[in-house]
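Trainee:
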Ligand code: IMP
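In our numbering, the protein residues as written are 32 to 219.
1. For residue 132, which residues from the same chain have a beta carbon less than 6 Å from its beta carbon, with the 5 sequence-adjacent residues on both sides left out?
2. Could you give the uninterrupted runs of the alpha helix (DSSP H) lying entirely in the segment 73 to 101, keeping only those of 4 residues or more?
3. Let me know if residue 68 comes out buried or exposed under the rule of 16 or more other beta-carbons within 10 Å of its beta-carbon.
4. Hey, would you say the C-beta of residue 173 is under 6 Å away from at least one heavy atom of ligand 2?
5. Does DSSP put residue 168 in a helix, in a strand, or in coil?
6. Classify residue 215 as buried or exposed, calling it buried when 16 or more other Cβ atoms lie within 10 Å of its own Cβ.
7. Report the three-state DSSP secondary structure of residue 32 (helix, strand or coil).
8. How many whole angstroms separate the CB atoms of residue 98 and residue 108, which I take to be in contact at a CB cut-off of 8 Å?
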């Protein structure tokens, strides 16, 4: 199974390459653009992007949208994670959560459009917490302030294999590979 991956984030491209190769899914970078709508769930953002790209004539591709959800901030920044990262970054998130419960989760929704397998999406979730200061130099975005449950390292302190084992994106990749397998069985 080969899919074009739509992303402008080189970290995501590397994580997908590393994770999906092991799961038997080939990807190649697909340069395409969609307008991210303002809405309340990652799934709606992904569905809209998939439809926009299909309208532009693209076929056999995948894309994702991710976010950091903090229950003590009523789920913020969630679908606004990119804007919050661009404006106040990790230091701003640490200020926002000061004095509040630090439980948080990352979510990653992957949308697929395939001529053979149809259109579908899967969502991976990584529960964890926001720590008190930035730690580590790897990864991107909120990685230096997020520690997933079951580990003491931030995503920024992990190599890519470990991050993929714990992360929202890694978990979404496992669900993606399972769904592809299931749909291939149905299709044959
Ligand atoms: P998007 O999926 O590229 O729209 O990501 C939304 C925001 O969440 C961006 O600011 C990313 O930097 C951040 N983000 C997405 N995935 C991750 C991740 O795996 N680690 C840390 N931050 C992430």
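Each residue gets a CB set at the ideal place from its N, CA and C atoms; glycine is no exception.
Mentor: Answer, in terms of the structure:
1. On the chain shown, residue 132 is found 101 positions in, with the first residue counted as 1. The beta carbon of residue 132 sits closer than 6 Å to those of 103, all from its chain and outside the five residues before and after it, given in chain order.
2. Restricted to the segment 73 to 101, the alpha helix (DSSP H) segments that are unbroken, complete and at least 4 residues in length are 73 to 86, listed in chain order.
3. Position 37 of the chain shown, counted from the start, is the residue given in the question as residue 68. So residue 68 counts as exposed.
4. Within the structure as shown, ligand 2 is missing, the only ligands being ligand 1.
5. Position 137 of the chain shown, counting from 1, holds the residue named residue 168. Coil.
6. Here residue 215 is taken as the residue at index 184 of the chain shown, counted from 1. Result: exposed.
7. Residue numbering aside, residue 32 sits at position 1 when the chain shown is read from its first letter. Note: residue 32 maps to coil in three-state DSSP.
8. In the chain shown, the residue the question calls residue 98 occupies position 67. In the chain shown, the residue the question calls residue 108 occupies position 77. Indeed, because the Cβ distance is near 7 Å, the residues count as touching under 8 Å.
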